[in-house]
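Just so you know, the protein sequences line up as chains A and B, in that order.
Sequential numbering of the first sequence, starting at 1356, is according to the numbering used here.
Sequential numbering of the second sequence, starting at 3, is according to the numbering used here.
This report refers to the structure that appears directly beneath it.
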Amino acid sequence: MRRGLGTSALLLPAAVLVVVGFLYPYVTMLVAPAADPDPDVPGSLAAAVTDPYVVEIVARTARVAGIATLASLLFGFPVAWAISRAAPRWRALLLLAVTFPLLLSTVIRTFAWIVLLGGEGLISQTLQAVGLAAGPVQLLYTETAMVLGLTQLFMPLLVLTAYSSLAAVDPALEDAARGMGARNSAVFARVVFPLALPGTAVGAILVFAGCVTAFTTPSLLGGTRNRTLATLLYQEANTSVDWSGVSAIAIIMTAIVLVVTVVMSRVSAIGSRR
Amino acid sequence: MTRRPVFTLITAAAVVFLLFPIVVVVGVGLSAGTVLTFPPEGVSLRWFADAVAYEPFRSALWTSVVVAVLATVLALAVGVPATYAIHRRSPRGRHALQLLFVSPLIVPELVLGFALFQLFMVEAGFDARTALVAGHAVLLLPYTVRVTGASLQQADPALEDAAAGLGAGPLTTFFRITVPVIAPGVVAATMLSLLTSFNNVPLSLMLTSRRVETLPVAMLEYVQTSFTPMIAAVSTLLLLLTIGIALLTERLVGFQKVFGRSAS
């Protein structure tokens, strides 16, 4: 009995913090924001999902996040594989190079793209110099800029998760497949990729969820014409007095993240059972 | 690596893609000119002098440091005992408890910030600094539980039983066995928490007031209105600070142990 009491005392403060600092305010906000004298979240949600402006923003958010996730997979997975098969000295250095950007503020990491992507920026000048563009190319404040910024921001998550499952794959399996006559492409598609799929799927969820909820990057690189759910939510929270309307956007954002997380973790679970 | 040229090429390109923006930031920060261009126009330290003297950044830096330290202490104070209980006392519903403690990470931070803004600032009337500390502590708890839990999982629980069996009292067992076992995890969680709080934008954005801002929020606002290399100079200083913290972490517990696994 004494032991039981002690355990509860150890657990209680953390439980209180999560309930008071997360569950209670979050659920209240989604169901009936306390600051709203006359809350009507279902009505606001119905209005939001039929509002073409909001629908366009949801589509843009999903599109940009989807492309950035694909780009992260396309480049991040080979990188993870190369790292997992590199010599130990190289492996440590490459892991450091991939991990270090994660320690810097998103403002710092996004800022460089403002310099590079403007009409007078390095990329525009390079494109003109090699004759691919006739005049200045303004890439800043476009969806392309957001995809570039988000991929740079979140690709390390995919590399790290894919790496940890690839590192667990026994290289002898690859040698065995090769020994039985499989070509490199077949080894990759039939042996390496299936074994690394669960970890990679987790990485892809992290990237997609990160892109959907990111604020700094769309706000700095997308501008006011390319709003995403996050920048819309912030603008509405700051300027409107319609608390239920903001809650409706919050519900849409939360739902997208939760659905993707659940679906992908199922995929990952199926993959790991094979 | 050399046997697969395509992979070597992709890896090299990806590393350049990931690190080049950092080179750009440092280059622009060292610029002698007044506009944002890369490569920079000449080299000077003028923007560093400006950045260090800029009052909004100075007070925001102070706020960020205070919030990061207090929120980290709070998250550790509630998180470490809870993690210990989960891993060593096997309470009923330990998986549910574990899930509860990491649950704040699942939802969008900006939305959590909006919810906390309503509860803490509109309803409860907290000032911005209190709201920031409380909000950041909620955000840091999952990291604390995960990182400390990982180091507890690696240690053999039988050590504590053995100490007790050999006649050590509960206090001796705690200080001679439990503390050394849990210490690397706590150091790792501290480093990760400090950096996570210090860099946070979405949550801080919702919990700041006109007079109380954290450094990343002040920098974000500055970038949106002014196009001078000063922001790159501040970023370069923060970059140096981060390298220092990374080196210190490597010395204390191992860099990959803390930051390499923070993703998953």
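For every residue, glycine included, the Cβ atom is placed at its ideal position computed from N, Cα and C.
Look at the Cβ atom of residue i, then the Cβ atom of residue j, and state whether they are nearer than 8 Å.
| i | j | result |
| --- | --- | --- |
| B/V45 | B/T238 | no |
| B/I247 | B/M208 | no |
| B/A234 | A/F1455 | no |
| A/L1482 | A/A1488 | yes |
| A/A1531 | A/A1435 | no |
| A/V1462 | B/V203 | yes |
| B/V113 | A/M1608 | yes |
| A/L1503 | B/F40 | no |
| A/S1520 | A/G1565 | no |
| B/A139 | A/L1584 | no |
| B/L205 | B/E111 | yes |
| A/A1569 | A/L1505 | yes |
| B/I289 | B/L241 | The structure shown does not extend to residue 289 of chain B, since chain B is modelled only from 3 through 266, so no value can be given for it. |
| B/M123 | B/A133 | yes |
| A/R1582 | A/I1412 | yes |
| B/V80 | B/L154 | no |
Alpha carbon to alpha carbon, how far is residue i from residue j?
| i | j | result |
| --- | --- | --- |
| B/Y56 | B/V67 | 17 Å |
| B/T251 | A/A1452 | 16 Å |
| A/A1603 | A/P1526 | 50 Å |
| B/L76 | B/L141 | 11 Å |
| B/Q258 | A/P1491 | 42 Å |
| A/V1375 | B/S211 | 22 Å |
| B/F177 | B/E162 | 11 Å |
| A/L1599 | A/A1414 | The displayed chain sequence assigns Ser, not Leu, to residue 1599 of chain A. If you take the alpha carbons of A/S1599 and A/A1414, they lie about 22 Å apart. |
| B/V236 | A/V1404 | 41 Å |
| A/A1369 | B/V219 | 28 Å |
| A/M1356 | A/A1364 | Any reading at A/M1356 must be qualified, since the residue scores a pLDDT of 39, below 50, and its modelled position is unreliable; no value is offered. |
| A/E1591 | A/L1575 | 17 Å |
| B/S199 | B/L217 | 11 Å |
| B/A73 | A/A1544 | 46 Å |
| B/A265 | B/E215 | Here B/A265 scores only 45 on pLDDT, less than 50, and its place in the model is too uncertain to base an answer on. |
| B/V54 | B/G31 | 13 Å |
| A/F1515 | A/R1446 | Per the sequence shown, the amino acid found at residue 1515 of chain A is Leu instead of Phe. Going from the Cα of A/L1515 to the Cα of A/R1446 covers about 12 Å. |
| B/T268 | A/A1401 | Nothing can be reported for residue 268 of chain B, as the shown portion of chain B is limited to 3 through 266. |
| A/V1567 | A/T1579 | 17 Å |
| A/P1443 | A/A1437 | 12 Å |
| B/V18 | B/G29 | 15 Å |
| A/V1542 | A/G1421 | 28 Å |
| A/T1572 | B/D158 | 44 Å |
| B/R131 | B/W64 | 11 Å |
| A/Y1589 | B/G95 | 37 Å |
| A/R1464 | B/A164 | 50 Å |
| B/S92 | B/L101 | 15 Å |
| B/A51 | A/G1474 | 29 Å |
| B/A1 | B/P7 | In the structure as shown, chain B begins at 3 and stops at 266. Residue 1 of chain B is therefore absent and cannot be evaluated. |
Among the options, whose alpha-carbon lies nearest the alpha-carbon of residue i?
| i | options | result |
| --- | --- | --- |
| B/P83 | B/A136, B/G187, B/T210 | B/G187 |
| B/F103 | A/F1563, A/S1595, A/L1366, A/L1584 | A/L1366 |
| A/E1529 | A/M1510, A/P1549, A/V1386 | A/P1549 |
| B/L197 | B/A51, B/V69, B/Y86, B/T39 | B/V69 |
| B/F116 | A/L1613, A/N1539, A/I1606, A/I1625 | A/I1606 |
| B/T150 | B/A53, B/D129, B/A190 | B/A190 |
| A/G1577 | A/E1498, A/S1540, A/A1522, A/V1542 | A/E1498 |
| A/Y1381 | A/R1621, A/T1616, A/I1625, A/V1601 | A/V1601 |
| B/Q156 | B/G171, B/P231, B/I184, B/M123 | B/I184 |
| A/S1439 | A/E1475, A/A1551, A/V1409, A/Y1408 | A/A1551 |
| A/V1622 | A/A1484, A/G1398, A/S1479, A/G1558 | A/G1558 |
| A/S1460 | B/F59, B/V255, B/N201 | B/N201 |
Assuming residue i and residue j make a contact with CB atoms under 8 Å, what is their CB distance in whole Å?
| i | j | result |
| --- | --- | --- |
| B/I88 | B/L78 | Actually they do not touch by this definition, with Cβ atoms about 15 Å apart. |
| B/F261 | A/L1458 | 6 Å |
| A/E1510 | A/S1427 | The identity of residue 1510 of chain A in the sequence shown is Met, whereas the question assumes Glu. Going by Cβ atoms, the distance from A/M1510 to A/S1427 rounds to 4 Å, so yes, they are a contact pair. |
| A/A1423 | A/V1618 | Going by Cβ atoms, the distance from A/A1423 to A/V1618 rounds to 18 Å, so no, they are not a contact pair. |
| A/V1396 | A/A1387 | 6 Å |
| A/P1394 | B/F9 | 55 Å between Cβ atoms; not a contact. |
| B/S105 | A/F1377 | 7 Å |
| A/Q1507 | B/L20 | 6 Å |
Which residue comes first and which comes last in the alpha helix (DSSP H) that contains residue i?
| i | result |
| --- | --- |
| A/E1498 | 1498-1522 |
| B/I88 | 57-90 |
| B/I108 | Careful: B/I108 lies outside any alpha helix (DSSP H) and carries neither H nor E. |
| A/S1440 | According to the sequence provided, residue 1440 of chain A is Arg. The question's Ser does not apply to it. That residue, A/R1440, is in no alpha helix (DSSP H); it is neither H nor E in DSSP. |
| A/A1590 | The question names Ala, yet the displayed sequence has Gln at residue 1590 of chain A. That run of the alpha helix (DSSP H) goes 1584-1594. |
| B/M208 | 204-209 |
| B/L240 | 232-254 |
| B/I184 | 181-201 |
| A/R1464 | 1461-1472 |
| B/P218 | 217-227 |
| A/D1530 | 1526-1534 |
| A/S1479 | 1477-1484 |
| B/Q120 | No alpha helix (DSSP H) holds B/Q120; DSSP gives it neither H nor E. |
Is there at least one non-hydrogen atom of the ligand GTP closer than 7 Å to the beta-carbon of residue i?
| i | result |
| --- | --- |
| A/S1540 | In the structure on display, the ligand GTP does not appear, and there are no ligands present to speak of. |
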